[in-house]
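Asker: These protein sequences, in sequence, are chains A and B. The working numbering numbers the first residue of the first sequence as 1063 and each following residue consecutively. The working numbering numbers the first residue of the second sequence as 1063 and each following residue consecutively. Each residue gets a CB set at the ideal place from its N, CA and C atoms; glycine is no exception. Since the structure is predicted, the reported quantities are computational estimates derived from the model, not experimental observations. Got a structure for you, written out below as structure tokens; questions coming shortly.
There are 2 protein chains.
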Amino acid sequence: MHMLVTGGTGYIGSHCVLELLQSNHTVTVISNLVNSATDYKGQPLSLKRIESFTNKKVNFKKVDLLDLQELEKTFKSENFDAVLHFASLKSVGESCREPLKYYYSNIVGSLNLISVCKKYNVKNLIFSSSVTVYGTSTHCLLKEDDAIGEKITNPYGQTKYMLEKMFKDVAKSDKDWNIICLRYSILVGAHPSGIIGEDQKCVPNNLVPNIIHVIKGKIPYLTIFGNDFNTFDGTCVRDYIHVTDVARANLCALNRIIEEKNIGFEIYNIGMGKGYSVLEVVKAMENASGKKIPLKIMPHRVGDVEYLCCDPTLAAKNLKWSTQFNLEEMCRDVINWQQKNPHGYVNEDHENLKTG
Amino acid sequence: MHMLVTGGTGYIGSHCVLELLQSNHTVTVISNLVNSATDYKGQPLSLKRIESFTNKKVNFKKVDLLDLQELEKTFKSENFDAVLHFASLKSVGESCREPLKYYYSNIVGSLNLISVCKKYNVKNLIFSSSVTVYGTSTHCLLKEDDAIGEKITNPYGQTKYMLEKMFKDVAKSDKDWNIICLRYSILVGAHPSGIIGEDQKCVPNNLVPNIIHVIKGKIPYLTIFGNDFNTFDGTCVRDYIHVTDVARANLCALNRIIEEKNIGFEIYNIGMGKGYSVLEVVKAMENASGKKIPLKIMPHRVGDVEYLCCDPTLAAKNLKWSTQFNLEEMCRDVINWQQKNPHGYVNEDHENLKTG
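Here it is as structure tokens:
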């Protein structure tokens, strides 16, 4: 089957493209490339690596979702069976400084996508959402029907929440739609081969990318905000998941849409269903890297909650999906990616240019 | 001062334009005219009436908020001090059937507006929101800091909710913004002169427009959904407000922005703060029209709550605003408008054409 993958050059998208190719799907990727490294011909490096790893071709088009005309051309020239929608701006901090940029790019871009899907009758869509839609809820294990929206602290999270609502309304208005929203917990890891991973360009705001920064010597120590939470070691507990497990969840969702049909609108948590404390993650990263990570404890921040984990039971039941990687493997693979690609994708290109 | 009024040809917008002119503001109106009657030259009939009533000019431009280029031209050619943003699709039923149309028109249109405001440094905005953002909350009296978003039952309501969130994030990102969201309760009435009012084109889904339909003989009876609610007469209680009071609230909000400065982002309920039951409204409309309104009681609908009223205390305090019209006057004025304009604005135009 022929899948359109938006944002298929990015961190999660590229891992999903790899899995799709290995499952013998035809894949077209669109991206505006704003956060993706390319070679001198403008070809995304992540896809080049995937092609040589799988020995299969990816059809790539540089298309910005805000450019409705270009988007339409893509749909006119190909017959897609389903769309996997990863394209999104994703920096929490930037979204607070430039909310309009995020609302345009994520909301208007996605409205354009779904409008064109409707026009060309491609009514199977998988959307990358996030557990951030639960806001600062502190249930033991967040479930899909828990309240969302309230207390979301940034425009990035708002765009995920709003898009879920919009997609739900669209599916409700027309029974032909099949839309699955996957709410990911915190992504860690890289493909075990080390050929693709997260090519972080900006200052990281998640735990593991920050630890990587310390390991690389870019910052002298890891700042931990609060060791006085009501958890077993005093640091916050969060739900982490391997990026390949997330990619596999997308394929499972795709299979459900293809096999079941008429599912309307569904939402699934994609997480481990158990949490790890900040100190546990630090320890696992120390083990994986063989390096000691200096720490600095600061007072805990307003709004941070001690425990945020999501329950993946529904995904296990309906999508026949479960995680295959544990925390050690997440850390192993992210370290492997970093060691093989200390400067992300771009470095390889420089070397290619030098030797080519 | 020079005010830009989006949707200034419509029901609420036109009443606000009238008040602005009477307060000696210069007014530019933009509208895509999709729901507004015009003369053979394409001039909106509501504004023509306002001009002859006030003996003042309104600067009108046909601009769709989705047309960014035209919108920019408007800002380039004029220096606005503030924007009053009424333009919105508003049919609850249609929004459920065509959610994408509503998300485009209301969300993308408003994002375009605020982007252009930012570009041309017009950072004073008053936004027409609705008590619908409270969803089906059943507090005694809804207050501005009560939970919103949860249980909104239709895309129309979602667009109001989402825009409030977006505007809040925009104001938070840049201290120069002054944005006031006014959450209106259910609008009734028309200007006491009878020159402007609601020119309803589609099937009404509110109580008073439905009663008007019965009075006009377009439907044989008024359907009441449920007389077994836990209220004094068994029918639902809602908060109603005269459209001129809403227009005045906009002027009060404008004064606050002009006088206070640096208010950031504020929200105010604009309602009576007390409710009337369906049967009380029917009785008031019977008194105003002198006609008996036949009723048919049906089982109550899923999701309807017995009591929805909002507390306008904060608006009274900060905006120095309070209602001037009671239910009897709302009914008197809507009947007056209907009697003088049985076919809305269009009829007058037909007559003009005939006699002109």
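Is Leu1066 of chain B helix, strand or coil when you go by DSSP?
Answerer: Here Leu1066 of chain B sits in strand by DSSP.
Asker: Pick out the complete alpha helix (DSSP H) segments inside the segment 1380-1414 of chain B, 4 residues or longer, and give them in chain order.
Answerer: Segments of the alpha helix (DSSP H) lying fully in the segment 1380-1414 of chain B: 1389-1402.
Asker: Secondary structure at Ala1377 of chain A, three-state DSSP: helix, strand or coil?
Answerer: Correct three-state label for Ala1377 of chain A: helix.
Asker: Would Gln1220 of chain A pass as an interface residue toward chain B - the criterion being a Cβ-Cβ separation below 9 Å?
Answerer: Yes, because at least one Cβ of chain B sits closer than 9 Å to the Cβ of Gln1220 of chain A.
Asker: Taking the beta carbon of Asp1290 of chain A as the centre, do at least 16 other beta carbons fall within 10 Å, making it buried, or is it exposed?
Answerer: With fewer than 16 other Cβ atoms within 10 Å, it is exposed.
Asker: Please report the Cβ distance between Cys1078 of chain B and Val1096 of chain B, rounded to the nearest whole angstrom; I am assuming they are in contact, meaning their Cβ atoms lie under 8 Å.
Answerer: The pair is not a contact, with the Cβ atoms about 19 Å apart (cut-off 8 Å).
Asker: For Phe1115 of chain B, which residues of its own chain have a beta-carbon under 6 Å away from its beta-carbon, when the five flanking residues on both sides are left out?
Answerer: For Phe1115 of chain B, where only same-chain residues beyond five positions count, the Cβ hits under 6 Å are Ile1257.
Asker: Taking 9 Å as the threshold (C-beta atoms), are Thr1198 of chain B and Tyr1223 of chain B in contact?
Answerer: Contact: no.
Asker: Assign Ile1430 of chain A to buried or exposed, taking buried as 16 or more other Cβ atoms, counted over all protein chains shown, within 10 Å of its Cβ.
Answerer: No answer is possible for residue 1430 of chain A: it lies beyond the span of chain A, which begins at 1063 and ends at 1418.
Asker: Under DSSP, the beta strand (DSSP E) around Leu1357 of chain A begins and ends at which residues?
Answerer: Counting along the chain, the beta strand (DSSP E) containing Leu1357 of chain A begins and ends at Leu1357 to Met1360.
Asker: Note down, one range per segment and in chain order, each beta strand (DSSP E) of at least 3 residues found wholly within the segment 1238-1309 of chain A.
Answerer: Qualifying beta strand (DSSP E) stretches, in chain order: 1240-1246, 1248-1250, 1284-1287 and 1302-1304.
Asker: With 8 Å as the limit, tell me which residues of the segment 1183-1213 of chain A have their beta carbon closer than that to any beta carbon of chain B; keep them in chain order.
Answerer: Listed by position, the residues of the segment 1183-1213 of chain A near chain B (Cβ gap below 8 Å) are Ala1209, Gly1211 and Glu1212.
Asker: In chain B, which residues lie less than 8 Å from Arg1159 of chain A when you measure between Cβ atoms?
Answerer: Result: Ser1235.
Asker: Identify the contact partners of Lys1180 of chain B in chain A, using a Cβ-Cβ distance below 9 Å as the criterion.
Answerer: Ordered by position in chain A, the residues that pass the 9 Å Cβ test against Lys1180 of chain B are Leu1162.
Asker: If we define contact as Cβ-Cβ less than 9 Å, is Asp1231 of chain B a contact residue for chain A?
Answerer: Yes - at least one Cβ of chain A is within 9 Å of the one on Asp1231 of chain B.
Asker: How big is the Cα-Cα spacing for Met1360 of chain A and Gly1352 of chain A?
Answerer: Distance between the alpha carbons of Met1360 of chain A and Gly1352 of chain A is about 25 Å.
Asker: Rounded to whole angstroms, what's the CA-CA distance from Leu1080 of chain A to Thr1215 of chain A? Just pull it up for me.
Answerer: Approximately 33 Å between the Cα atoms of the pair.
Asker: At a cut of 8 Å, does the segment 1156-1173 of chain B reach the segment 1085-1092 of chain B through at least three beta carbon pairs?
Answerer: With a cut-off of 8 Å, the segment 1085-1092 of chain B and the segment 1156-1173 of chain B do not count as touching, because too few Cβ pairs lie within range.
Asker: Please check the pair Leu1146 of chain A and Met1228 of chain A, which I expect to be a contact at CB under 8 Å, by giving their CB distance rounded to whole angstroms.
Answerer: In fact, because the Cβ distance is near 17 Å, the residues do not count as touching under 8 Å.
Asker: In whole angstroms, what separates the C-alpha of Thr1306 of chain B from that of Pro1271 of chain B?
Answerer: Roughly 17 Å between the two C-alpha positions.
Asker: Would you say Pro1217 of chain B reaches chain A, if we count a Cβ-Cβ gap shorter than 9 Å as a contact?
Answerer: Answer yes: the Cβ-Cβ gap between Pro1217 of chain B and chain A drops below 9 Å somewhere.
Asker: Under 8 Å Cβ to Cβ from Lys1354 of chain A, same chain only, skipping five residues before and after it: list those, please.
Answerer: These residues qualify, in order along the chain: Glu1348.
Asker: Evaluate Cys1264 of chain A with the Cβ neighbour count: other Cβ atoms within 10 Å of its Cβ, from every protein chain shown; 16 or more gives buried, anything less gives exposed.
Answerer: Looking at its Cβ environment, which holds fewer than 16 other Cβ atoms inside 10 Å, Cys1264 of chain A is exposed.
Asker: Could you check the C-alpha separation between Trp1383 of chain A and Ala1377 of chain A for me, to the nearest Å?
Answerer: Trp1383 of chain A and Ala1377 of chain A: Cα-Cα distance of roughly 6 Å.
Asker: Express the C-alpha separation of Lys1181 of chain B and Pro1282 of chain A in angstroms, rounding to a whole number.
Answerer: Roughly 40 Å separates the two Cα atoms.
Asker: Which residues in the same chain have their Cβ closer than 6 Å to the Cβ of Tyr1073 of chain A, if we skip the five residues on either side of it in sequence?
Answerer: Same-chain partners within the cutoff: Glu1260.
Asker: Where does Gly1075 of chain A fall in DSSP's three states?
Answerer: In the structure shown, Gly1075 of chain A sits in a helix (DSSP, three-state: H, G or I).
Asker: For Glu1328 of chain A, list the residues DSSP reports as bridge partners.
Answerer: Bridge partners of Glu1328 of chain A: A:Ile1242.
Asker: Determine whether the Cβ of Val1364 of chain B lies closer than 9 Å to any Cβ atom of chain A.
Answerer: Taking Cβ atoms only, chain A never reaches closer than 9 Å to Val1364 of chain B, which makes this a no.
Asker: Could you name the residues of chain B that Ile1169 of chain A contacts, counting a contact when the two beta carbons are closer than 7 Å?
Answerer: Residues of chain B passing the Cβ test: Ile1169.
Asker: Return the chain-ordered list of same chain residues with a C-beta closer than 8 Å to the C-beta of Leu1109 of chain A, the five sequence neighbours on each side being excluded.
Answerer: If we look at Leu1109 of chain A and ignore the five residues flanking it on each side, its Cβ neighbours are Gly1070, Thr1071, Ser1076, Val1079, Val1091, Val1120 and Phe1122.
Asker: Does the beta carbon of Lys1152 of chain B come closer than 9 Å to any beta carbon on chain A?
Answerer: Taking Cβ atoms only, chain A never reaches closer than 9 Å to Lys1152 of chain B, which makes this a no.
Asker: Let me see if you follow: with CB-CB separation under 9 Å, is Thr1068 of chain A close to chain B or not?
Answerer: Not one chain B Cβ lies under 9 Å of Thr1068 of chain A.
Asker: Using C-beta distances below 8 Å, list every residue in its chain close to Glu1480 of chain A, excluding the 5 sequence neighbours before and after it, in chain order.
Answerer: In the structure displayed, chain A extends from 1063 to 1418; residue 1480 of chain A sits before or after that span and is not available.
Asker: Give every residue of the same chain whose Cβ lies closer than 7 Å to the Cβ of Met1392 of chain A, excluding the five residues on either side of it in the sequence, and list them in chain order.
Answerer: Once the five neighbours on either side are set aside, the close Cβ partners of Met1392 of chain A are Val1250, Gly1251, Tyr1302 and His1304.
Asker: Rounded to whole angstroms, what's the CA-CA distance from Pro1161 of chain A to Leu1151 of chain A? Just pull it up for me.
Answerer: If you take the alpha carbons of Pro1161 of chain A and Leu1151 of chain A, they lie about 11 Å apart.
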